[in-house]
Amino acid sequence: MIKYRLLPHYLAAIISLWLMGFTQTSAGELPLFDAHVHYNEDIWQAIPTDDAIKRLKKQGIRRAIVSSTPANGAIKLFKQDSGFVIPFLRPYRTPDDRRDWYKNPDILKYVRSQLKSFDYRGLGEFHLFGSQVNTPVMKGILALARKKNLILLAHSDHETIDALLTAAPNLTVIWAHGGFDVDVNIVAKKLKQNRNLYIELSFREGITEQGVLTPSWRELFLTSPSRFLVGTDTYTGQRWLALPELADHYQGWLKQLPGNIAEAIAYKNGERIAAQKPVRNE
Ligand SMILES: [Zn+2]
4 MIKYRLLPHY
14 LAAIISLWLM
24 GFTQTSAGEL
34 PLFDAHVHYN
44 EDIWQAIPTD
54 DAIKRLKKQG
64 IRRAIVSSTP
74 ANGAIKLFKQ
84 DSGFVIPFLR
94 PYRTPDDRRD
104 WYKNPDILKY
114 VRSQLKSFDY
124 RGLGEFHLFG
134 SQVNTPVMKG
144 ILALARKKNL
154 ILLAHSDHET
164 IDALLTAAPN
174 LTVIWAHGGF
184 DVDVNIVAKK
194 LKQNRNLYIE
204 LSFREGITEQ
214 GVLTPSWREL
224 FLTSPSRFLV
234 GTDTYTGQRW
244 LALPELADHY
254 QGWLKQLPGN
264 IAEAIAYKNG
274 ERIAAQKPVR
284 NE
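Position 26 of the sequence shown, counted from 1, bears residue number 29 in my numbering, the numbering being contiguous throughout.
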């Protein structure tokens, strides 16, 4: 008799586990949208394209924004799995370009020809600080970004983020690393003032303390759940090897948030950005 009375509970549990299987990778783990992958030349040999995609997918990552130095790394990975990779143009031909790209007329030419030859979805990750945003080269690059409706992925201080939002008011701007250690109140204020701003969370300090969400970040996630993205920032071979720990870190604090908010940050915000329509080449 007792057995029969319990049966519906077992069935409900089995059905809900079965339903969970559609959205979750394994017990309690959320799928992830990775907003910060690099596939740079120095790891192409050690981690070929098929292996790179496999490593990302193994961590429950189901789509990724990918950029590379030089740019064809992102294209190689896109050709390997076009449903998985969202290709961004990094404005560096070699690692050295990072130093002066924002004032180098050759980079403006490079960006123009890259954008003409391939339908990138965004520009970045680029490094830009202070008054570097005001050069003629940057004006030209941002004009191209506006014309193509590109998403910007900027590794910048918070003043430069403001300048980018002003220079390209209709573009989506992803702030890589959320400014690292910029005061959480500044991040909160910027999100309130700019609907187009998103925060990518790799290397962002202060989110957890001994694995537990800090009160200030928890509150920010609860007030602006639609504005955060997770990222692994695979800028070295070592970071590629650390993918399991990086994914675990995100899963560890995501599960401390209400389910719908954790889902938004884990992958739904990224999917929404990825659905934005770029201006394609003819
Ligand atoms: Zn990066």
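All residues carry an ideal CB built from backbone N, CA and C; glycine is no exception.
Quick caveat, the model's predicted, so the values are computed rather than measured.
Quiz item: How big is the Cα-Cα spacing for L131 and D160?
Solution: Mapped onto the sequence shown, residue 131 falls at position 128. Mapped onto the sequence shown, residue 160 falls at position 157. Their backbone Cα atoms lie some 8 Å apart in a straight line.
Practice problem: May I ask you to report which of helix, strand or coil DSSP gives T226? | Solution: The residue you call residue 226 lines up with position 223 of the sequence shown. Helix.
Practice problem: Determine, using beta-carbon pairs with one atom in the region 257-269 and one in the region 72-80, whether at least three such pairs fall under 8 Å. | Solution: The answer is no - the region 72-80 does not touch the region 257-269, with fewer than three Cβ pairs under 8 Å.
Quiz item: Assuming I210 contacts W256 under a Cβ cut-off of 8 Å, what Cβ separation, rounded to an integer in Å, is found between them?
Solution: The residue given as residue 210 occupies position 207 in the sequence shown. The residue given as residue 256 occupies position 253 in the sequence shown. Taking 8 Å as the upper bound for CB-CB distance, I210 and W256 are in contact here, some 6 Å apart.
Exercise. Using only the heavy atoms of ligand 1, determine whether one of them is closer than 6 Å to the beta carbon of D236.
Key: Along the sequence shown, one-based indexing puts residue 236 at 233. Taking 6 Å as the cut-off, one finds at least one heavy atom of ligand 1 near enough to the beta carbon of D236.
Quiz item: So F91 is in the beta strand (DSSP E); what residue range does that whole segment cover?
Solution: Along the sequence shown, one-based indexing puts residue 91 at 88. Element bounds for F91: 88-92.
Quiz item: Should T97 be flagged as near chain C, meaning a C-beta pair shorter than 7 Å?
Solution: Any reference to chain C falls outside this structure, which holds one protein chain only.
Self-check item: Span separating the alpha-carbon of P139 from that of D236
Solution: Position 136 of the sequence shown, counting from 1, holds the residue named residue 139. Position 233 of the sequence shown, counting from 1, holds the residue named residue 236. For P139 and D236, the distance between alpha carbons rounds to 29 Å.
Exercise. Verify whether the separation of the beta carbon atoms of L80 and Y123 is less than 7 Å.
Key: Position 77 of the sequence shown, counted from the start, is the residue given in the question as residue 80. Position 120 of the sequence shown, counted from the start, is the residue given in the question as residue 123. Not closer than 7 Å, so no.
Exercise. Leaving aside the five residues before and after R115 along the sequence, list all residues of the same chain whose C-beta is less than 7 Å from its C-beta, in chain order.
Key: Position 112 of the sequence shown, counted from the first residue, corresponds to residue 115. L147.
Exercise. Return the CA-CA distance between G181 and S120, expressed in angstroms with no decimal places.
Key: The sequence position of residue 181 within the sequence shown is 178, counting from 1. The sequence position of residue 120 within the sequence shown is 117, counting from 1. Going from the Cα of G181 to the Cα of S120 covers about 31 Å.
Exercise. Scan the region 108-170 and note each continuous alpha helix (DSSP H) run of 4 residues or more that stays entirely inside, going in chain order.
Key: Taken in chain order, the unbroken stretches of alpha helix (DSSP H) that lie wholly in the region 108-170 and span 4 residues or more are 108-120, 139-151, 161-170.
Practice problem: Return the CA-CA distance between D184 and E203, expressed in angstroms with no decimal places. | Solution: Taking the first residue of the sequence shown as 1, we reach residue 184 at position 181. Taking the first residue of the sequence shown as 1, we reach residue 203 at position 200. Each residue's Cα considered, the two are about 13 Å apart.
Self-check item: Proximity of A67 and L232 at Cβ, strictly below 7 Å
Solution: Taking the first residue of the sequence shown as 1, we reach residue 67 at position 64. Taking the first residue of the sequence shown as 1, we reach residue 232 at position 229. No, they are not a contact pair.
Self-check item: Rounded straight-line distance, which links the Cα of N107 to that of L216
Solution: The residue labelled residue 216 in the question sits at position 213 within the sequence shown. The residue labelled residue 107 in the question sits at position 104 within the sequence shown. Whole-angstrom Cα-Cα distance: 42 Å.
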